Structure formats: C-alpha cells, structure tokens
Amino acid sequence: MRAFDADVLIAGGGPIGLATALELNARGLTAIVLEPRSGTIDKACGEGLMPGALAALGRLGVDPAGHPLRGIRYQDARRAVTHRYRSAAGRGVRRTVLHDALRARAAEVGVETRALRVDEVAQHDDYVTVDGMRARWLIGADGLHSTVRTAAGLDRPARASSRDRRRYGLRQHFAVAPWSDLVEVTYLPEAELYITPVDEGTVGVAVLAPRPLDLEAALAQAPSVRERLAGAAEASTLRGAGALRQRTRARTAGRVALVGDASGYVDALTGEGLRVGLAQAEVLADCLARDDLRGYERAWARSTRDFRVLTAGLLAAATSPVRGLIVPAAAALPRVFGAVVERLAR
1 MRAFDADVLI
11 AGGGPIGLAT
21 ALELNARGLT
31 AIVLEPRSGT
41 IDKACGEGLM
51 PGALAALGRL
61 GVDPAGHPLR
71 GIRYQDARRA
81 VTHRYRSAAG
91 RGVRRTVLHD
101 ALRARAAEVG
111 VETRALRVDE
121 VAQHDDYVTV
131 DGMRARWLIG
141 ADGLHSTVRT
151 AAGLDRPARA
161 SSRDRRRYGL
171 RQHFAVAPWS
181 DLVEVTYLPE
191 AELYITPVDE
201 GTVGVAVLAP
211 RPLDLEAALA
221 QAPSVRERLA
231 GAAEASTLRG
241 AGALRQRTRA
251 RTAGRVALVG
261 DASGYVDALT
271 GEGLRVGLAQ
281 AEVLADCLAR
291 DDLRGYERAW
301 ARSTRDFRVL
311 TAGLLAAATS
321 PVRGLIVPAA
331 AALPRVFGAV
341 VERLAR
C-alpha cells in the first residue's frame, strides 16, 4: 500500500484548523491543512479572546497583537452591570491578525498547507483518502457549513422548535479609539450589540439577531453607542454569518472527526467560540496521539460541557419572553453574573 501523505488531513485553514495542526505537531503527528482560500481569512465574529483562549494560544506559541480586555459589561437602556476578570486579562484581536499569527506559527514549525477544497472523501478500515491523498485520519475544521460533516453523514436536522432560535450575525469595524477595556454587550429589544476594542484605533461592532438585521438599524436602537461612533470611518467590510445554530449527530464517524464550529454550534452570544474550539483541538490531538479516536466523543463532551450548558441557557432566555429580564437579573445578582463570566473566561 502507498505510504500516507500525512498522519492527519485537516479540512479548513482557519484558526481552529491551524491550532489543531499545531497541537498535532506538538505530539509528533504530521498534518496537512487543506484550505482553498489563499492569504489571510477574515470572518464575522466578535473577536474578543477571553483569558483562557489567550492562554491556550500562548501554549501553542502564538501571541497575537490586540487590545487588552479586562472584563464584560452587560447593559440595556436603563442599567448596566460590569464584571472585571479576577486574574489575567483577555484581548481583543482582529480576526485577520489572529489568522496571520497562527499561519506564521504553523509555517515556523513546518506544518504544510495545500490550496485544496475537500470534495471527495472515502473511508477505509485503516485510512481515509481525500481527493487522492491518503492519511490515517481526516479532521473537519471547515466551519458552520462543514462539507466534511455532510460527507461523513454527521449532520443532524434542526428540530422544529430550534428553528425559532436560529440567529444571524453581522460585524464591522470603525476607526475610533476604544473608550473602554471591556467587551460591551447591549441588549436591544430583539438583538444584542457587541463592542470589542481590537487595537488602539479600532473597535469592532457586531450584532446578533433572529433575522438578518441592518447594522444601522441596530445602532439606531443604541444611541449611546451610535454617538461614540459618530463620524468614525468604516475600517473593514461588513460581514455576515448564519444561521448560527448547527447540530451534529456525533463528532466522529469512522476515521473522521469534527472540531470547532463544524462539530456543532449553539450561538455566539457568549463570545467563546474560539475558546471552545481550542479546547476541542487539544483533546482531539491527545486522542489521536493515543490512536484513540473513539475517545474523542467523551473528551469533546467534557471539554465543552460548561460552555454548551451556559450558552444554551442564556440563548433560551434571549429568545423567550423573559429576554428583557436578562440585564436586570445580572445587575441584581452581580456575583452570579461574575461567576458565569469567570466560568466562561477559563
């Protein structure tokens, strides 16, 4: 039999695909990243790295430039509650800056990247082939609308009730000096508006809503934020994402595994998609180093449990008649709010 091209093929060269390659490299496994897009990849996301995400990147030798984040503020038209991290700070980082830092680190340690879109996947007892390449395993790190997930038969149709919770995101940057070292989350009647400082002269503005929502319409509902952005030039192209909710039957099938958004996604409202993906990359690499892909399902569940439970609970509240009570409850119970933030920040 022809020798393997690599131990692992990774479909998707975004941050989680590259982080997975770095985790595998650290364990002595070879990986080839397959990514059809060239250059730096941007994406509509909140861009706030909580302390745990920043620490996970540091362990991989990645230290992207950005703006310190000292905590989280929830606010509505009448009140606000703030929690500042008790230990290390997080960091607001442009997605393009993060991607470039991970690409540079991957190249430094010798991870190979090929400009290829995964179209044909065939599984065998001891290996998998992808468009003529052969490896022991294939990892789908190709995002919300993963082709690997579909090819492996791991898609799970949304329940009728969950269709009502599908939400969409928009993100744009503005050239204005940050006015805070916090991620500010403003609860609007039907949407959340996120402000994240990403460098000394730029803030990111993101909105999450149950339907595609015009950014100007969202800002019109948040006059204090709109006032701070008045006259600021747009510093990026408006980008969108959705539907955000994605469900999977499982995270593995044969010799295929899913990581990051491809493995299933609840919502972006807690801002910890990258932290969860980095945790998954770590435990998946551990499993493959032991030749124990079946163990990844349990490890995935353990590594994501807190995030999934907290996010699902908050999403249920945000898409129900009690939505208007979220900020008042957080303000009335600041210790509980702080405990939730600290749990997500780990």
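With UniProt numbering applied, the sequence shown covers 1 to 346. Ideal placement from N, C-alpha and C gives every residue a C-beta, glycine not left out. Here the structure is a predicted model, which means the values were calculated and not measured.
Using DSSP with H/G/I as helix, E/B as strand and the rest coil, what is residue i?
i, result
"ALA253", "strand"
"THR96", "helix"
"LEU34", "strand"
"ARG171", "strand"
"GLU192", "strand"
"LEU18", "helix"
"GLU184", "strand"
"ARG302", "helix"
"VAL62", "coil"
"ALA209", "strand"
"TYR74", "strand"
"GLY313", "helix"
"ARG166", "coil"
"PRO178", "coil"
"ARG84", "strand"
"VAL259", "coil"
"VAL336", "helix"
"ALA217", "helix"
"ARG239", "strand"
Would you kindly work out how many angstroms separate the C-alpha atoms of residue i and residue j, rounded to a whole number?
i, j, result
"PRO328", "PRO64", "35 Å"
"ASP214", "ALA101", "31 Å"
"GLY143", "ARG27", "24 Å"
"VAL118", "SER263", "17 Å"
"THR70", "ALA285", "Residue 70 is actually Arg in this sequence, not Thr. Approximately 31 Å between the Cα atoms of the pair."
"LEU188", "VAL33", "40 Å"
"residue 347", "ALA6", "With the chain running from 1 to 346 in the structure shown, residue 347 is simply not present."
"GLY242", "ARG167", "6 Å"
"LEU24", "PHE4", "16 Å"
"ALA257", "MET50", "26 Å"
"LEU315", "GLY132", "42 Å"
"GLY61", "VAL259", "20 Å"
"ILE326", "THR202", "29 Å"
"THR40", "HIS99", "6 Å"
"GLY92", "GLY66", "5 Å"
"THR237", "PHE174", "10 Å"
"GLN246", "VAL148", "14 Å"
"ARG343", "GLY52", "10 Å"
"ARG228", "GLY17", "36 Å"
"GLU120", "VAL130", "6 Å"
Verify whether the separation of the beta carbon atoms of residue i and residue j is less than 7 Å.
i, j, result
"ALA206", "GLY46", "yes"
"ARG95", "ASP181", "no"
"TYR85", "ALA345", "yes"
"GLY240", "LEU170", "yes"
"ALA80", "ALA281", "no"
"PHE307", "VAL341", "no"
"THR248", "LEU293", "no"
List the DSSP bridge partners of residue i.
i, result
"GLY324", "Note: GLY324 sits in no beta bridge, so no partner."
"THR42", "It is worth fixing the name first, because residue 42 is Asp in this sequence and not Thr. Partner(s): none; ASP42 has no beta bridge."
"ARG91", "LEU49, PRO68"
"ASP286", "Answer by DSSP bridge pairing: none, since ASP286 is not bridged."
"TYR265", "GLN246"
"ALA233", "ALA175"
"LEU9", "ILE32, LEU138"
Problem set entry | Every unbroken alpha helix (DSSP H) inside the segment 107–160 [4 residues or more] | Here the runs fully enclosed are 147–151.
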